[in-house]
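Chemist:
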Amino acid sequence: MSQYPFQEIEHRWQNYWANNSTYRVHDDFTKPKYYILDMFPYPSGAGLHIGHPEGYTATDIIARYKKMKGFNVLHPMGFDAFGLPTEQYSMKHGIHPYIATMNNVDNFKRQLNMLGFGYDWHREINTTDPAYYKWTQWMFLIIYNSWFDEALQKARPIEELPIPHDISSPADIEIYRDEHRLAFIDSIPVNWCEELGTVLANEEVDEWKEKGFTVERKPMRQWMLRITKYAQRLLDDLETVEWVTSTKEMQKNWIGKSQGAEIYFPVLGEEEKITVFTTRPDTLFGATYVVLAPEHPLVSLVTTDDNKHRIADYREKAAIKSDLERTELAKEKTGCFTGSYALNPATGKEVPIWIADYVLGHYGTGAVMAVPAHDDRDHEFAQQYNLPIVQVVAHVGHEISDENPIDLSKAAFTDDGVNIESENDEVSLNHLLTSQAKTKIIEWLENSGNGKGTIQYRLRDWLFSRQRYWGEPIPIIFFEDGTKRAMDYDELPLLLPELQEFKPSGTGESPLATVESWVQYYDKKTGKTGKIETNTMPQWAGSCWYYLRYIDPKNINRFCDEEKEKYWMGETGVDLYVGGTEHAVLHLLYARFWHKVLFDYGYVSTNEPFKKLFHQGMILAEDNRKMSKSLGNVVNPDDIVAQFGADALRVFEMFMGPLEAAKPWASKGVEGVFRFLNRVWRLFVDENGTLLSNVQDVPLTKEQEYVLHYTIKKISEDIENLSMNTAVAQMMIFVNEFTKADIRPLSALRDFIKILYPFAPHIAEELWHKLGNTDSLWFEEFPIYDESKLQKSEVEIIVQINSKIKAKCFIAVNATSDEMEASALALPDIAQLVEGKSIKKKIVVPGKLVNFIIG
RNA sequence: GCCCGGGUGGCGAAAUCGGCAGACGCACAGGACUUAAAAUCCUGGGACCGUAGAAGGUCGUGCGGGUUCAAGUCCCGCCCCGGGCACCA
């Protein structure tokens with residue numbers, strides 16, 4: 000294959016860009032800004048995956064395009080380098096995570112530069128850099144030193160938290176404050192992984208289980224972030240961003256808002272009431288028993304002596320089960336009667352109190368009223384244990400029982416309908432539709448003091464601590480006298496200690512707990528001695544705010560300068576954020592949460608961090624399966640670049656198909672794109688790389704003008720819409736058209752190079768210089784199309800008889816309907832077909848078609 | 001089970017304010033160049049019927065209906081694939 004010298008060209012231009020700091024970004028506030036962001040990579044030992052260049056090329060294209068359109072473009076890159084994989088690798092190979100990280104980062108940077116991306120490396124960030132994680136810790140302290148004002152729906156300083164009058168001692172005030180901080184310590188059942196020696200967030204459990212690790216539930220002391228306080232805002236503000244609908248949906252489902260009611264069931268013979276949460280308060284008259292989660296605090300109170308052993312036994316078994324075992328693996332529902340009864344506040348009837356692990360302790364109130372007639376789970380349980388089933392909702396129009404077609408011995412009736420048998424002395428729901436019954440019963444509950452309407456969220460607080468070494472230390476000191484204090488901002492960063500051994504301590508504590516010299520702390524500010532918190536932050540922490548650090552990465556006084564933040568974040572934040580779907584919920588939800596806390600304090604100027612979000616699809620192996628080492632179907636970017644060059648890889652990944660779609664790799668496809676780049680090369684130069692003599696300063700033909708201006712228009716629009724595949728197709732059409740020309744008009748070729756440049760910057764720069772230019776294309780303007788060149792004097796229309804195409808003809812572009820009809824009828828084929836027939840109907844679409852319906 | 005996406009040639013895909021289905025590329029076939037090959041260039045192509053060849057005809061965007069002069073595109077009912085959630089009361 001005779002080929003253009005891509006290796007030489009790519010090396011030359013990469014060196015040129017580096018030596019001339021071509022991509023240096025300046026904070027020029029006079030220009031309109033465009034902030035385009037990639038999800039920064041985790042620098043693994045495996046190096047760049049072939050999927051990485053897909054999103055990165057797309058953003059590189061847009062960044063260059065926007066730059067050429069006159070925007071001041073910020074398109075930065077950095078590394079999310081804390082986290083388990085590096086620490087695992089370090090333990091296995093005995094290399095310090097810091098060294099492993101540096102090596103991996105170097106390799107990633109080499110590969111990113113090899114692909115010709117236009118990053119300003121002066122703005123590189125690394126989450127493991129103390130100068131960076133100082134601010135991660137700072138933001139943690141902002142959160143720690145805050146409470147959430149429900150009335151204002153925003154975070155406020157903890158000092159401003161109103162303290163109830165009956166709390167006066169400093170110790171009690173501190174306890175009260177701790178109960179309201181947005182970062183707090185709790186002892187809760189967590190997902191403990193013995194092999195990893197750490198707890199995992201609920202969201203992370205599946206990922207590690209897939210990798211073959213076991214995860215069990217175990218109560219432990221943990222740091223939590225009160226993200227649930229922001230549930231409503233996180234939900235509402237989704238409406239203000241331009242995100243993929245599926246991702247918005249996922250976040251909505253994850254937050255999981257439910258409207259319903261809390262209802263109080265008095266325990267017979269006790270003062271206490273059981274509060275249940277239900278979304279179907281309209282079925283209250285059908286509640287025939289109450290179920291508590293095994294971990295519910297009232298369980299011991301309501302358990303009668305003769306049931307003690309069985310209940311204790313059941314609770315113990317439930318406690319060690321993971322959520323997974325309590326749900327998917329449990330084919331049959333299990334439960335245990337406590338021996339006590341509660342009163343259904345609507346019917347006044349006694350209903351038995353059970354415990355069962357199908358009721359989750361952490362959702363709602365941890366207790367439910369069971370309505371077996373109208374809930375599948377309650378129905379199953381009632382059948383299992385022979386509990387009464389009472390119907391209170393019927394199909395609309397079938398309120399009279401003998402016409403009622405519902406067979407409750409088989410399944411529950413869970414649809415909306417109309418209430419029956421729902422009446423007491425104070426309220427009747429009978430004949431009301433489900434929605435009306437809900438409103439009415441809530442009204443009654445509130446008036447009678449038996450309950451109230453409420454909203455529940457599925458979202459849980461964020462488990463924020465990890466028992467690992469390779470993460471940000473949590474800057475809290477626990478003193479020997481039992482008090483504690485958060486470090487002040489001027490004491491940050493709290494550095495990770497140098498460590499020889501970073502294996503888990505084995506006690507459930509972080510490896511940091513074994514470093515006496517680091518843990519033991521003499522506090523100069525208070526003169527007290529104590530211990531530093533040994534848990535570290537999860538990997539998500541550093542990525543919660545990195546987009547802000549790019550704005551001012553070297554700032555030592557602030558996470559970023561106020562004015563620069565205002566400029567680059569503007570009215571609506573990052574203009575475009577591109578990354579994989581795998582972060583649709585977690586990273587994007589956590590980052591939004593941190594951003595909102597910062598927003599509450601005025602540290603950032605936008606409500607939401609990312610205005611527009613786009614997910615690139617996965618690149619599959621040639622066999623249509625996921626690429627994996629074990630399948631041996633991995634394609635390495637280094638190999639492709641060595642064989643065909645970075646430009647070919649970039650253009651091919653854009654040409655494969657829609658950016659958002661999952662698509663299989665095709666080695667023949669790269670060759671095709673490589674052939675295209677060679678055709679581009681030969682459009683300009685001969686075998687020796689000398690500019691062809693038939694590239695001349697001549698005017699374009701009408702046809703060439705049309706193709707050129709259509710290409711400019713089409714590709715501009717395609718880039719804006721992220722339709723890179725059709726943009727590449729249009730460049731191919733351009734090259735095919737102009738290759739045909741014996742004399743190639745220089746002006747069109749100049750424009751074409753500028754269009755090609757965002758996609759294939761190396762070959763474009765080389766050809767640009769061969770045309771005698773001395774500066775980089777980075778500083779050129781993107782061509783602008785001329786609408787008048789797109790106007791054709793004649794247009795081809797189709798002529799149909801009975802809606803079938805029978806002929807085509809050219810007509811003047813501004814022809815009237817009558818003229819079109821006359822031209823069509825004048826065609827011999829049409830005249831012949833119409834002859835002797837009556838034309839029943841004529842449809843004329845200007846500039847498109849004429850259709851004769853004949854009989 | 002629920003919520004999102006998506007089903008178009010041998011393959012990746014274009015085209016959705018309803019108006020020539022299959023742009024562009026891959027693979028394939030034929031030809032030119034060559035001692036030969038590679039590379040390059042040119043030509044062809046949805047399927048079926050038809051014809052010596054052409055002309056011509058029928059069918060065709062997952063399946064079944066519908067609206068319309070006209071449907072890949074709009075409406076109704078299904079099937080299949082991918083992703084997410086899943087005892088959340």
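When you line the first sequence up against numbering that gives the first Met the number 0, it's residues 0 to 854, in that order.
Backbone N, C-alpha and C fix where the C-beta goes; we use that ideal spot for every residue, glycine too.
Please read all numbers here as calculations on a predicted model, not as lab measurements.
My guess is that I838 and V798 are in contact by the Cβ rule of under 8 Å, so how many angstroms apart are they, rounded?
Modeler: 13 Å between Cβ atoms; not a contact.
Chemist: How would you write the range of the beta strand (DSSP E) that P351 sits in, first residue to last?
Modeler: From DSSP, the beta strand (DSSP E) with P351 extends over 349–355.
Chemist: Between Y34, F28, S20, S816, which lies nearest to Y576 when the distance is taken from Cα to Cα?
Modeler: Minimum Cα distance to Y576 is reached at Y34.
Chemist: Excluding sequence positions up to five away, which residues of its chain have a Cβ less than 6 Å from the Cβ of T135?
Modeler: So the qualifying residues of the chain are E471, A540, G541.
Chemist: Would DSSP call F683 helix, strand or coil?
Modeler: Reduced to three states, the DSSP call for F683 is helix.
Chemist: Mapping DSSP to helix, strand and coil, what is R624?
Modeler: Three-state result, R624: coil.
Chemist: Output the distance between the C-alpha atoms of F463 and Q538, rounded to the nearest integer angstrom.
Modeler: The alpha-carbon atoms of F463 and Q538 are separated by roughly 9 Å.
Chemist: On the DSSP bridge assignment, give the partners of Q455 in chain order.
Modeler: DSSP, once it has assigned bridges, lists S257 as partnering Q455.
Chemist: From S89 to P496, what distance separates their C-alpha atoms?
Modeler: If you take the alpha carbons of S89 and P496, they lie about 16 Å apart.
Chemist: Please classify Q790 as buried or exposed, where buried requires at least 16 neighbouring CB atoms within 10 angstroms.
Modeler: So Q790 ends up on the exposed side.
Chemist: Check for me: the beta strand (DSSP E) holding M219 runs from which residue to which?
Modeler: M219 -> beta strand (DSSP E) spans 215–224.
Chemist: Evaluate Y313 with the Cβ neighbour count: other Cβ atoms within 10 Å of its Cβ, from every protein chain shown; 16 or more gives buried, anything less gives exposed.
Modeler: By the neighbour-count rule (16 or more Cβ atoms within 10 Å), Y313 is buried.
Chemist: On the three-state DSSP scale, how would you describe M138?
Modeler: In the structure shown, M138 sits in a helix (DSSP, three-state: H, G or I).
Chemist: Between L848, G688, L776, which lies nearest to K803 when the distance is taken from Cα to Cα?
Modeler: Nearest option by C-alpha distance: L848.
Chemist: Name the residue from G115, G82, D460 whose alpha carbon lies nearest to the alpha carbon of T855.
Modeler: Past the boundaries of the shown model lies residue 855; the chain is included only from 0 to 854, so the question cannot be answered.
Chemist: Residue range of the beta strand (DSSP E) that I852 falls in?
Modeler: Unbroken beta strand (DSSP E) run through I852: 848–853.
Chemist: Suppose you measure from the CA of I711 to the CA of H768; what does that come to, to the nearest Å?
Modeler: Their Cα atoms are separated by approximately 21 Å.
Chemist: In this structure, how does DSSP classify T535 when only helix, strand and coil are distinguished?
Modeler: T535 falls in the strand class under three-state DSSP.
Chemist: Out of D522, N534, A355, T605, which has the shortest C-alpha to C-alpha gap to Y546?
Modeler: Nearest of D522, N534, A355, T605 to Y546, Cα basis: T605.
Chemist: Of all the options I732, E607, S629, P552, which has the alpha carbon lying nearest to the alpha carbon of W120?
Modeler: For the residues I732, E607, S629, P552, the minimum Cα distance to W120 belongs to P552.
Chemist: How many whole angstroms separate the CB atoms of Y456 and A230, which I take to be in contact at a CB cut-off of 8 Å?
Modeler: With 8 Å as the limit, Y456 and A230 qualify as a contact, their Cβ atoms being about 4 Å apart.
Chemist: Is P510 near L493, with beta carbons less than 9 Å apart?
Modeler: No. Outside cutoff.
Chemist: Which residues bound the alpha helix (DSSP H) around G54?
Modeler: That run of the alpha helix (DSSP H) goes 51–67.
Chemist: Going by the DSSP bridge assignment, what does Y288 pair with across the sheet?
Modeler: Y288 pairs with A369.
Chemist: Does F78 come out as helix, strand or coil in the three-state DSSP assignment?
Modeler: Strand, per DSSP.
Chemist: Whose C-alpha, out of D377, F39, F412, is nearest the C-alpha of Q390?
Modeler: If we check each option's Cα against that of Q390, F412 comes out closest.
Chemist: Which same chain residues end up closer than 7 Å to K247 when comparing Cβ atoms and leaving out the 5 residues on each side of it in sequence?
Modeler: For K247, where only same-chain residues beyond five positions count, the Cβ hits under 7 Å are L237.
Chemist: Please state whether the Cβ-Cβ distance between Q87 and V584 is less than 9 Å.
Modeler: No, these two residues do not count as a Cβ contact at 9 Å.
Chemist: What whole-angstrom Cβ distance do D356 and K409 have, given they're in contact under 8 Å?
Modeler: Going by Cβ atoms, the distance from D356 to K409 rounds to 25 Å, so no, they are not a contact pair.
Chemist: Span of the alpha helix (DSSP H) holding L300?
Modeler: From DSSP, the alpha helix (DSSP H) with L300 extends over 298–301.
Chemist: Taking C-beta to C-beta, are N534 and W222 nearer than 9 Å?
Modeler: In contact: N534 and W222 (Cβ atoms closer than 9 Å).
Chemist: Look at the Cβ atom of D812, then the Cβ atom of V833, and state whether they are nearer than 9 Å.
Modeler: Residue identity differs from the one stated: residue 812 is Val in this sequence, not Asp. Going by C-beta atoms, V812 is not nearer than 9 Å to V833.
Chemist: Taking the straight line between their C-alpha atoms, what separation do you get for K32 and M653?
Modeler: Distance between the alpha carbons of K32 and M653: 25 Å.
Chemist: Would I454 be called buried (16 or more neighbouring beta carbons within 10 Å of its own) or exposed?
Modeler: Exposed.
Chemist: In whole angstroms, give me the CA-to-CA distance for D128 and G82.
Modeler: Spanning the two alpha carbons is a distance of roughly 13 Å.
Chemist: For Q499, which three-state DSSP category applies?
Modeler: Residue state, collapsed to three classes: coil.
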